[in-house]
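A short write-up of the structure that comes next.
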Amino acid sequence: MRTIAVLIRKEFTQIRRNRIMIPAMIIAPLIQMIILVYAANMNMRDIDFAILDEDGSATSINLISKYSSSPFFSLSGSVNSLDDAEKLLKGDKADLVIHIPPNFENSILNQEKADVQFLINGINSAAAVLTASYAQNILFDYNRQLIAGFSRPSSVSQGFGTIEVNYSHWYNPGLDFKIFMVPGILVVLVTLVGWLLMSLNVVREKELGTIEQINVTPIKKYQFLMGKLIPFWILAIIELGIGLTLGRLLFHVPILGSLWLLIAFTAIYLVTVLGFGLFIAAISETQQQVMFVNFFFVLVFILMSGIFTPVESMPDWAHYVNIINPLSYFMRVIRMILLKGSDFGDVWKEFLSMGIFGVVMITLSVRSYRKRV
Amino acid sequence: MSRFISLVRKEFNHIFRDRRTLLILFGIPIMQILIFGYVVNSDFKNIGIAVLDQSVDAHTQKILNKIFSSGYFNFSGNIQNAQGISDQFKTGKVKAVLVFESEFGKKLDNGQLANIQIITDASDPNVANTTVGYVSGIIRSYQGELAGQTVVQLIVEPQYRMVFNENLISAYMFVPGTMALILMLISALLTSISVTREKELGTLEVILVSPLRPAQIIIGKVAPYVLLAFINGLVILLLGYFIFNLPISGSLVLLLAELLLYITLSLSLGILISTIAKSQQIAMFMSLFVLMLPTVLLSGFIFPIENMPLILQWISAILPPRWFIIILKDIMLKGNGLAYVWNETLILLGMTLIFLFAAIRKFSIRLQV
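Just so you know, the sequences run in chain order B and H. Sequential numbering from 616 applies to the first sequence in the numbering used here. Sequential numbering from 9 applies to the second sequence in the numbering used here.
Have a look at this one:
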C-alpha cells in the first residue's frame, strides 16, 4: 500500500512539474466543451433560397411571400432561367430554388392543378430532407388557404369526429439541443483525459527507458499499474466535476438524479477504460503506436456510443459492437441520471456490466505487462 | 544527393517497420467511412413507443397498427396508468408514450373531438421532435382515410429535385469530410510526432550535425509522408467510389492537384508544430486539440457552419479543412472547375506559404543554436 502511495506521489509530482500538462488537461478540454456544445447544433434555420418566377403574377408573389416571411427561409435573390438557378446552387449561394412555372396563376384561378418545383442542394442529405419538409409544410398551408377560399367541402369529417393530437416533451420542454450535448461531451472529455494521457504516460517511460529502473525494483506489477491508474483516475473525476459545474452554470443542464450515483458509475467506468488504456500501453512500444491505436478505438467508440444519433436506429451489428463499448454505457447512464433522474434501480444492469468489464480489463492489463525486457 | 536519398530511405524504414501504426493508418479511414455510412446516419427507426390506451376500440387498434407497421417504431408494451410513464422513461427503453383518452373511438364515431396525447422523452430532443412529426403524420393520414380521401386535396402540387445528389446518399457529405480529417491526421500528427520523437531520443542531433542542409532535412522528413497521405487519399476516393457510388464529376487532375496542395499544407503545419513542441506529448496535444477536434466539429464536416454562433464561424474560417471540404464537394459532386474554387484554392495556397515559411525559419534558427 505504501509503495503504491509513493508511486502515486511521484506521478503527481511529474504531472505538476510538467508545465504543459495541467493546462492541457484542464483548460483545453473545457474550452473544447464550450465550443463543442455551441457548434454541435443540429437544429436548422435560415435556408437560403432563390426564386425562379416564370409567372410573375400576384398569386406567385403571394406564394413567395409565404416563404420569405417564414423564420426558416431567407430570400437570397431571384434568377431568370434554370441555368442561372443551377449556377446559384453550384456556387453555394442558395440551397433551394423555388421554380414557379408560367401560367401558375391561370391554373389556380381555373381551379386546375398547378406545379411548383423545388430544386434542393442534396449534398447534405439530412439537411435536404428537412428543407423539403419545411418547404412542403408551407405549401400545404397555402393549399389549405386556397381550398378554404374556394369553399370546397372541407377535407375532414364526414360523420366522423376530428382527432386532436397534443404532445408534451418531458425532461426538455424547449427541445434544447445543448442539454442533450453537454453530457455527451462530458463523457468524451473524461475518457480522453483518463485513457489517452495515461497510456501515453506509460509508454513514454518505456521509450525513455525509465521504466527499466522501476522494473529492477521490488515493485510488483499490479503496484506499478495501480500507481499509474489511480492518479489519472483522480484527475478524470476532477475533470467530470469541473465539466458538470460548467455545464450547470453555462448551459443550465439539469441534475435530476443523484450526483453520488453518477460519480460512482464514473469511478467504475474509469477503471474499465483506464484498464483498457493500460492494456494497449502494455502491448505498444512507442508513443506513436499508442497514440494511433488509442485514436482508432476512441474514434470508433465515440461515434458508436450514440453521442449524436440514437443507438436504437443503428444496424444490428452495431448493437453487438456496443455490448463491448464502454462509452455507450456511460453515454446512456449519464444522460439518464442527469436529465431524467433515473435511480440505481434503473441503471443497475449498466453498473453490473461495467463492473465485470473493469475486472476483466484490469486482469488483462496486469497479465500483459512484462517486467522483463 | 545520395545523402538525401538515404535520409528518405531511413524515414521509409521507420514507417514500414512500425506495422501496427501503418495498419491503423489505413484502418482508420476504412473504419470511419463504414461507420459513417452505416451507423451514424440520419436513419430513424426502431424507436420504442409504449401505449396507454384508455379506450381499446377498433379505432385505437387501427391507429396503433399503422404506427407500428410504419417501420419507424417498435411496440414496447402497454402501460396501465399515467404513473407508469416516468418509470418507462427512466429505464431508457421507451422514447415516447401514446395516450388515448377514454371512449376515444366512441367520440370519434359520434363526430366529437377525440384526443391523443404524445408524450416524449425529450432528453434526446431530435428523436422527440421527429417522433412527434411522424406520429402526427400517421394520425393525420388515418383521419384522412376516415373522411374517405387523402388528407389535403392539393391544388398546388410540389415537385422535388435533389440537385447533385438525386438519391440523397449521406456518403456525399461524409466522404469529403473524412478525407480532410484523415489527411490532416496523417500529415500533421505523424510528421510532428516523428520529428519530436527524434528530438526526444536525441537522434535528431545526429542528423543535424551531418552535412545535410535544413531544407534537405525537412524535405527528407516529409517526402515519405506525402506519399503515404496521397495513397491514403486515393484509398478513400476509391472506397467512396465503389461502395457509395460517389461520383467524380469534375476534373480528376484538378482534384489530385488540390489533394497535393492540401497535403503539403498539412505537412508544413506538422513541421511547424514539431519546431514549437519540445516533446511528443506536446506535439500530440497540439495536433489533437488544435487540429483534430476543430476539424471534426468546426469545418462543416458534421455540423453545418451556418448554424454556429458568429465567433465560431470566424474560427472556422482559419481552419484549412473547411476550405478543402468545399473544394472537394465542388469538384467531385458539383463538377465545378477551377473557376468556382479559385478562391478557396488561393486561401489554401496562402496558408501553405505562411506555414512553410514559419516552419523553415523556426527550424533554421534551431540549427544555429
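Idealized CB from N, CA, C, for every residue including glycine.
What separation, rounded to the nearest whole angstrom, lies between the Cα atoms of TRP331(H) and ILE355(H)?
Within the second sequence, residue 331(H) is the residue found at index 323, counting from 1. Within the second sequence, residue 355(H) is the residue found at index 347, counting from 1. Spanning the two alpha carbons is a distance of roughly 8 Å.
Quick check: the Cα distance between SER307(H) and TRP350(H), rounded to an integer number of angstroms?
Residue numbering aside, residue 307(H) sits at position 299 when the second sequence is read from its first letter. Residue numbering aside, residue 350(H) sits at position 342 when the second sequence is read from its first letter. So the alpha carbons of these two residues sit roughly 19 Å apart.
For GLN732(B), which residues in the same chain have their Cβ closer than 7 Å to its Cβ, ignoring the five residues on either side in sequence?
Locating residue 732(B) in the first sequence gives position 117, counting from the first residue. Within the same chain, GLN732(B) has close Cβ partners HIS714.
Grab the span of the alpha helix (DSSP H) containing GLU56(H) for me, first residue to last.
In the second sequence, residue 56(H) corresponds to position 48, counting from 1. Here the sequence assigns Gly to residue 56(H), which means Glu is not the residue at that position. Segment 55-61 is the beta strand (DSSP E) holding GLY56(H); no alpha helix (DSSP H) there.
Could you tell me whether the region 840-858 of chain B touches the region 868-885 of chain B, using the rule of 3 or more Cβ pairs below 8 Å?
With a cut-off of 8 Å, the region 868-885 of chain B and the region 840-858 of chain B count as touching, because enough Cβ pairs lie within range.
Would you please verify whether the beta carbon of GLY35(H) is less than 8 Å from any beta carbon of chain B?
Within the second sequence, numbered from 1, the residue matching residue 35(H) stands at position 27. Yes, GLY35(H) lies at the interface with chain B (some Cβ there is under 8 Å from its Cβ).
Is it the case that the region 34-47 of chain H contacts the region 76-90 of chain H, given that we only count it when at least three CB pairs across the two stretches are under 8 Å?
Touching, no, given that fewer than three Cβ pairs across the two stretches are closer than 8 Å.
What span of residues does the beta strand (DSSP E) with TYR168(H) cover, start to end?
Working through the second sequence from its first residue, we reach residue 168(H) at position 160. Per DSSP, TYR168(H) belongs to the beta strand (DSSP E) from 164-171.
Under a CB-based cut-off of 8 Å, is PRO941(B) close to chain H?
Locating residue 941(B) in the first sequence gives position 326, where the first residue counts as 1. Chain H, which has no Cβ nearer than 8 Å to the Cβ of PRO941(B), makes this no.
Closest by CA to LYS207(H), which one among ASP129(H), SER287(H), PRO255(H) and ILE55(H)?
Mapped onto the second sequence, residue 207(H) falls at position 199. With distances taken between Cα atoms, LYS207(H) lies closest to SER287(H).
Shorter than 8 Å from the beta carbon of VAL48(H) to some beta carbon of chain B?
Mapped onto the second sequence, residue 48(H) falls at position 40. Output row for VAL48(H): interface = yes.
Quick one: does LYS115(H) have its CB under 8 Å from some CB of chain B?
Here residue 115(H) corresponds to residue number 107 of the second sequence, with the count starting at 1. Yes - at least one Cβ of chain B is within 8 Å of the one on LYS115(H).
In terms of alpha-carbon separation, which member of PHE20(H), PHE371(H) and ARG25(H) lies closest to PRO222(H)?
Here residue 222(H) corresponds to residue number 214 of the second sequence, with the count starting at 1. The shortest Cα separation from PRO222(H) among PHE20(H), PHE371(H) and ARG25(H) belongs to PHE371(H).
Look at LEU60(H) and LEU106(H) and say whether their C-beta atoms are less than 8 Å apart.
What you label residue 60(H) is simply residue 52 of the second sequence in a count that begins at 1. What you label residue 106(H) is simply residue 98 of the second sequence in a count that begins at 1. Yes, the pair counts as a contact, with Cβ atoms nearer than the cut-off.
What residue range does the beta strand (DSSP E) around ASN736(B) cover?
As a first step, residue 736(B) must be located in the first sequence, where it is residue number 121. From DSSP, the beta strand (DSSP E) with ASN736(B) extends over 729-736.
I think MET813(B) touches LYS843(B), with their Cβ atoms under 8 Å apart; what is that distance to the nearest whole Å?
Counting from one through the first sequence, the residue named residue 813(B) turns up at place 198. Counting from one through the first sequence, the residue named residue 843(B) turns up at place 228. Yes, they are in contact, since the Cβ atoms of MET813(B) and LYS843(B) sit about 6 Å apart, within 8 Å.
Let me make sure I understand the geometry here. Which of GLU701(B), ILE762(B), LEU754(B) and VAL744(B) has the alpha-carbon closest to that of LEU724(B)?
Your numbering for residue 724(B) matches position 109 in the first sequence. Checked all of GLU701(B), ILE762(B), LEU754(B) and VAL744(B); the closest Cα to LEU724(B) is ILE762(B).
State yes or no: is the C-beta of ALA66(H) nearer than 7 Å to some heavy atom of the ligand MG?
In the structure shown, the ligand MG is absent, as is every other ligand, since no ligand is present at all.
Does DSSP classify ALA665(B) as helix, strand or coil?
Numbered from 1 along the first sequence, position 50 holds the residue referred to as residue 665(B). Residue state, collapsed to three classes: strand.
Near PHE52(H), which residues of its chain fall below 7 Å by C-beta distance, leaving aside the five closest residues on each side in sequence?
Reading the second sequence from its first residue, position 44 is the one you call residue 52(H). Answer for PHE52(H): TYR80 and THR138, listed in chain order.
Give me the Cβ distance between VAL16(H) and ALA231(H), rounded to the nearest whole Å; I'm assuming they're in contact under 8 Å.
Within the second sequence, numbered from 1, the residue matching residue 16(H) stands at position 8. Within the second sequence, numbered from 1, the residue matching residue 231(H) stands at position 223. That belief holds up - the Cβ atoms of VAL16(H) and ALA231(H) are roughly 5 Å apart, short of 8 Å.
Consult DSSP for LEU280(H) and reduce its assignment to one of helix, strand or coil.
For the purposes of this step, residue 280(H) is taken as the residue at position 272 of the second sequence. Helix, per DSSP.
Between PHE945(B) and the rest of its own chain, which residues show a CB-CB distance below 6 Å, the 5 nearest in sequence each way excluded?
Along the first sequence, read from residue 1 onward, the residue named residue 945(B) stands at position 330. Taken in chain order, the residues that qualify are VAL802 and TYR884.
Opposite PHE108(H) in the DSSP bridges: which residues?
The count along the second sequence starts at 1 and reaches residue 108(H) at position 100. ASP61(H) and ILE124(H).
In the DSSP assignment, what are the bridge partners of LEU690(B)?
Within the first sequence, residue 690(B) is the residue found at index 75, counting from 1. DSSP, once it has assigned bridges, lists PHE664(B) as partnering LEU690(B).
Less than 8 Å between the C-beta atoms of VAL380(H) and MET919(B), yes or no?
Lying outside 9 to 377, the shown extent of chain H, residue 380(H) is not represented and no answer is given.
Which two residues bound the contiguous beta strand (DSSP E) that contains GLU779(B)?
In the first sequence, the residue the question calls residue 779(B) occupies position 164. Unbroken beta strand (DSSP E) run through GLU779(B): 778-785.
Can you round the beta-carbon distance between ILE271(H) and SER195(H) to whole angstroms, since I take them to be within the 8 Å contact cut?
The residue you call residue 271(H) lines up with position 263 of the second sequence. The residue you call residue 195(H) lines up with position 187 of the second sequence. About 6 Å; that satisfies the 8 Å criterion.
Does the region 337-346 of chain H touch the region 248-266 of chain H, meaning 3 or more C-beta pairs lie closer than 8 Å?
Touching, yes.
Any C-beta of chain B sitting closer than 8 Å to the C-beta of VAL102(H)?
Taking the first residue of the second sequence as 1, we reach residue 102(H) at position 94. VAL102(H) does not count as touching chain B.
When you compare the CB of ARG25(H) with every CB in chain B, is at least one pair closer than 8 Å?
Stepping through the second sequence from its first residue, residue 25(H) is reached at position 17. It does not: the Cβ of ARG25(H) has no partner Cβ on chain B nearer than 8 Å.
In the DSSP output, which residue or residues are listed as bridge partners for LEU711(B)?
As a first step, residue 711(B) must be located in the first sequence, where it is residue number 96. Paired residue(s): PHE664(B) and ILE735(B).
Please list the segments of the alpha helix (DSSP H) lying wholly inside the region 164-236 of chain H, counting only runs of 4 or more residues, in order along the chain.
Fully enclosed alpha helix (DSSP H) runs of 4 or longer: 179-192, 199-209 and 211-216.
May I ask you to list, following chain order, the residues of the region 118-134 of chain H that have a beta carbon less than 8 Å from some beta carbon of chain B?
The region 118-134 of chain H vs chain B, Cβ under 8 Å: ASN118, GLY119, GLN120, LEU121, ALA122, ASN123, ILE124, GLN125, ILE126, ILE127, THR128, ASP129, ALA130, SER131, ASP132, PRO133 and ASN134.
With a cut-off of 8 Å on the beta carbons, I'd call GLY973(B) and GLY890(B) a contact; round off their distance for me.
Mapped onto the first sequence, residue 973(B) falls at position 358. Mapped onto the first sequence, residue 890(B) falls at position 275. Correct: roughly 6 Å between the Cβ atoms.
Looking only at its own chain, which residues have a Cβ that is under 8 Å from the Cβ of LYS70(H), when we skip the five neighbours before and after it?
Here residue 70(H) refers to the residue found at position 62 of the second sequence. If we look at LYS70(H) and ignore the five residues flanking it on each side, its Cβ neighbours are TYR150.
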